[in-house]
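The block underneath contains the structure these notes are about, expressed in structure tokens.
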Amino acid sequence: MQLDRLVQFHKTLADPTRIRILSLLAQGPLHGQALAGKLGLTPSTITHHVQKLREVGLVFERRNKNTLYLHLDAKALQQKSQAITKWVNTFDKKERGELEQNRWEVIRNFFTADGKLTQLPAKHKKKLIVLEYLIKDLKVGVKYPENELNEYIKKFHDDYATIRGELIINHFMYRENGIYELNPPDMWKSF
Numbered sequence: 001m002q003l004d005r006l007v008q009f010h011k012t013l014a015d016p017t018r019i020r021i022l023s024l025l026a027q028g029p030l031h032g033q034a035l036a037g038k039l040g041l042t043p044s045t046i047t048h049h050v051q052k053l054r055e056v057g058l059v060f061e062r063r064n065k066n067t068l069y070l071h072l073d074a075k076a077l078q079q080k081s082q083a084i085t086k087w088v089n090t091f092d093k094k095e096r097g098e099l100e101q102n103r104w105e106v107i108r109n110f111f112t113a114d115g116k117l118t119q120l121p122a123k124h125k126k127k128l129i130v131l132e133y134l135i136k137d138l139k140v141g142v143k144y145p146e147n148e149l150n151e152y153i154k155k156f157h158d159d160y161a162t163i164r165g166e167l168i169i170n171h172f173m174y175r176e177n178g179i180y181e182l183n184p185p186d187m188w189k190s191f
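When you number the sequence shown by our numbering, it's gap-free, plus one each residue, and the end is 191.
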């Protein structure tokens, strides 16, 4: 379902009278006069709301002799109601794919082929991506003495003190008495 059609569907349902009409039609077909009587509205008001519901494909008419009966298209209501979930999931997958592609692009731009960090990015978002990549081999729950952490960071960059400080500032790690511990990922600053 196209996004504009999905938006139009939800705009149409964003009216209490239309939801009441659908609720009554879910119990069975009714003609406009019957709907007007049950809802305490004028026939012209019912016609207006039914037209909006017809435009999004939720209501259809069938003639029985001289009377037009309105029917709820329950299948269309269910499909269109579920369409937003499908659309959001599709959009979310696409967005995650783009995010992952951007992350790898940042990593490629700031690391050499042999895994050395060329420099810390100036932009905060890119810096967070680089820092997260740097700690990929560290384990949550393991306590790292400062000299051991320094040696680990030196594998990537010689300025271990700056990087160590950035890991603390951005909540990737916790420091107490010269012992460093990786924080759980939900505590890390997010980009």
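Each residue gets a CB set at the ideal place from its N, CA and C atoms; glycine is no exception.
Note that the coordinates shown come from a computational prediction; the quantities given were computed from them, not determined experimentally.
Beta-carbon spacing of residue 6, residue 83 below 8 angstroms
Within the sequence shown, residue 6 is the residue found at index 6, counting from 1. Within the sequence shown, residue 83 is the residue found at index 83, counting from 1. Result yes, Cβ atoms of residue 6 and residue 83 sit closer than 8 angstroms.
Going residue by residue through the stretch 42-121, where are the continuous alpha helix (DSSP H) segments of at least 4 residues, counting only ones entirely within it?
List check, alpha helix (DSSP H) in window: 43-55 and 74-110.
Which first and last residues belong to the beta strand (DSSP E) in which residue 143 is found?
Here residue 143 refers to the residue found at position 143 when the sequence shown is read from its first residue. For residue 143, the enclosing beta strand (DSSP E) begins and ends at 143-145.
So, residue 140 versus residue 167, is the Cβ gap smaller than 8 angstroms?
Position 140 of the sequence shown holds residue 140. Position 167 of the sequence shown holds residue 167. Result no, Cβ atoms of residue 140 and residue 167 do not sit closer than 8 angstroms.
If you compare alpha carbons, which of 53, 149, 28 and 9 is closest to residue 17?
Here the question's residue 17 lines up with position 17 in the sequence shown. Nearest C-alpha to residue 17: 53.
Proximity of residue 59 and residue 50 at Cβ, strictly below 8 angstroms:
Within the sequence shown, numbered from 1, the residue matching residue 59 stands at position 59. Within the sequence shown, numbered from 1, the residue matching residue 50 stands at position 50. Taking 8 angstroms as the Cβ cut-off, residue 59 and residue 50 qualify as a contacting pair.
Between 37, 28 and 36, which lies nearest to residue 62 when the distance is taken from Cα to Cα?
By one-based count along the sequence shown, residue 62 stands at place 62. If we check each option's Cα against that of residue 62, 28 comes out closest.
Helix, strand or coil for residue 10 per DSSP?
To locate residue 10, count along the sequence shown from 1; it is residue 10. In the displayed model, residue 10 falls within a helix according to three-state DSSP.
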